[in-house]
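This report concerns only the one structure given below.
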Amino acid sequence: MGNIYPACYAQAFYEGMRQAGVENPINLLRCAWAGSQRYGSLVWSGDIHSSFRSLRNQMAAGLNMGLAGIPWWTTDIGGFHGGNPDDPDFQELLVRWFQYGALCPVMRLHGNREPEQDAPGGPVGGGRCSTGADNEVWSYGETAYPILAEYLRLRQRMQPYVAKLMAEAHEYGRPVLRTLFYEFPQDAACWEVEDQYMFGDALLVAPVYQLGQRQRPVYLPAGAEWTDLRTGAHYSGGQTIQAPAPLESIPVFLRGGRELGFSWQA
12 MGNIYPACYA QAFYEGMRQA GVENPINLLR CAWAGSQRYG SLVWSGDIHS SFRSLRNQMA
72 AGLNMGLAGI PWWTTDIGGF HGGNPDDPDF QELLVRWFQY GALCPVMRLH GNREPEQDAP
132 GGPVGGGRCS TGADNEVWSY GETAYPILAE YLRLRQRMQP YVAKLMAEAH EYGRPVLRTL
192 FYEFPQDAAC WEVEDQYMFG DALLVAPVYQ LGQRQRPVYL PAGAEWTDLR TGAHYSGGQT
252 IQAPAPLESI PVFLRGGREL GFSWQA
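If you want it as structure tokens, here you go:
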């Protein structure tokens with residue numbers, strides 16, 4: 012019953028909104044179960060910790076959510092609990108999470124930043140609770156801000172591609188975030204890779220999960236040619252490479268023979 016409850020919860024609000032005249036309801040929910048997607052559920056992973064370990068866990072959660080048939084999924088970029096915008100280590104975490112978030116079905120910046128502040132308005136009229144520190148993209152220092160701004164622009168340019176993936180999810184049940192073995196089931200190595208994913212059928216994404224990491228191994232699936240979208244370098248599939256990962260970008264590769272429909276570079 013505990014597992015069925017989230018789906019019934021989504022169903023109740025979906026049906027109520029339809030009766031109220033909303034044509035295509037969508038609700039942001041912190042939990043889901045098999046079948047929740049039919050009720051306009053946009054699921055996020057809840058109030059998670061602000062850490063690189065938590066970032067790594069989100070990717071696993073998103074891939075499993077897609078395999079379970081729920082394509083609309085997101086996280087609190089930067090995590091919800093903790094994180095001081097003036098802390099250089101947290102600034103780096105926020106940048107890495109933001110880069111990952113731009114290549115998710117839904118991109119959301121949210122969190123309760125430190126130190127907490129007294130809410131305006133006094134003890135009455137909604138001012139009883141404190142509020143978190145600033146959490147806008149310009150709140151994270153001069154190094155982080157231009158990187159975050161560029162990924163916002165990239166996400167805007169990606170709109171046609173994201174819309175295409177959402178249409179495929181609706182019409183055919185294809186995940187937006189895809190395990191490598193989903194796209195390359197004949198490549199045995201793809202069944203072992205757990206820290207990369209396909210964003211649709213064209214983009215291979217290799218997020219960065221460690222503080223100070225500036226390169227990482229990336230497995231390029233066999234049966235395709237690959238292009239590093241930052242450097243333009245070309246690679247044959249079926250090999251692991253050491254991909255550069257400067258703070259301003261994470262490794263993203265275009266699958267040969269695929270068209271994006273937008274410009275990756277500004």
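In my numbering, each number is its position in the sequence shown, counted from 1, plus 11. Cβ coordinates follow ideal geometry from the N, Cα and C atoms, glycine included. The structure displayed is predicted, hence computed values, not measured ones.
Item to check | Where Thr238 falls: helix, strand or coil (DSSP) | outcome: strand
Checklist entry - Does DSSP put Ile88 in a helix, a strand or coil? => result strand
Next on the checklist: Quick check: Gln48 and Ile15, are their CB atoms within less than 8 Å of each other?
Outcome noted: no
Next on the checklist: So Gly89 and Gly122 are supposed to be a Cβ contact under 8 Å. How far apart are they, rounded?
Outcome noted: 5 Å
Next on the checklist: Using the Cβ count rule (16 or more neighbours within 10 Å means buried), how would you classify Tyr183?
Outcome noted: exposed
Item to check | Ala21 vs Leu39 beta-carbon contact at 8 Å | outcome: no
Next on the checklist: Can you give me the C-alpha to C-alpha distance between Ser274 and Pro171, rounded to a whole angstrom?
Outcome noted: 11 Å
Item to check | Range of the contiguous alpha helix (DSSP H) that encloses Ala174 | outcome: 170-183
Item to check | Given Phe195 as reference, the closest of Ala233, Glu179, Arg164 once Cα atoms are compared | outcome: Ala233
Checklist entry - Quick one: any contact between the stretch 148-168 and the stretch 200-216, if contact means 3 or more CB pairs under 8 Å? => result no
Next on the checklist: What does the alpha-carbon distance come out to for the pair Met177 and Asn75?
Outcome noted: 17 Å
Checklist entry - Taking the C-alpha atoms as reference points, what is the distance between Val229 and Tyr111? => result 15 Å
Next on the checklist: Run through the DSSP bridge pairs and tell me what Asn123 is partnered with.
Outcome noted: His92
Checklist entry - Measuring CA to CA, which of Thr251, Gly77, Phe63 is closest to Pro107? => result The sequence as given places Arg at residue 107; Pro does not occur at that position. Among Thr251, Gly77, Phe63, the Cα nearest to that of Arg107 belongs to Phe63.
Checklist entry - How many angstroms separate the CA atom of Gly51 from the CA atom of Tyr25? => result 7 Å
Checklist entry - beta strand (DSSP E) containing Trp108: first to last residue? => result Segment 99-112 is the alpha helix (DSSP H) holding Trp108; no beta strand (DSSP E) there.
Item to check | Best match in Gly57, His181, Asp198 for proximity to Gln250 [C-alpha to C-alpha] | outcome: Asp198
Checklist entry - So which of Gly211, Gln128, Gly268 has the shortest CA-CA distance to Asn146? => result Gln128
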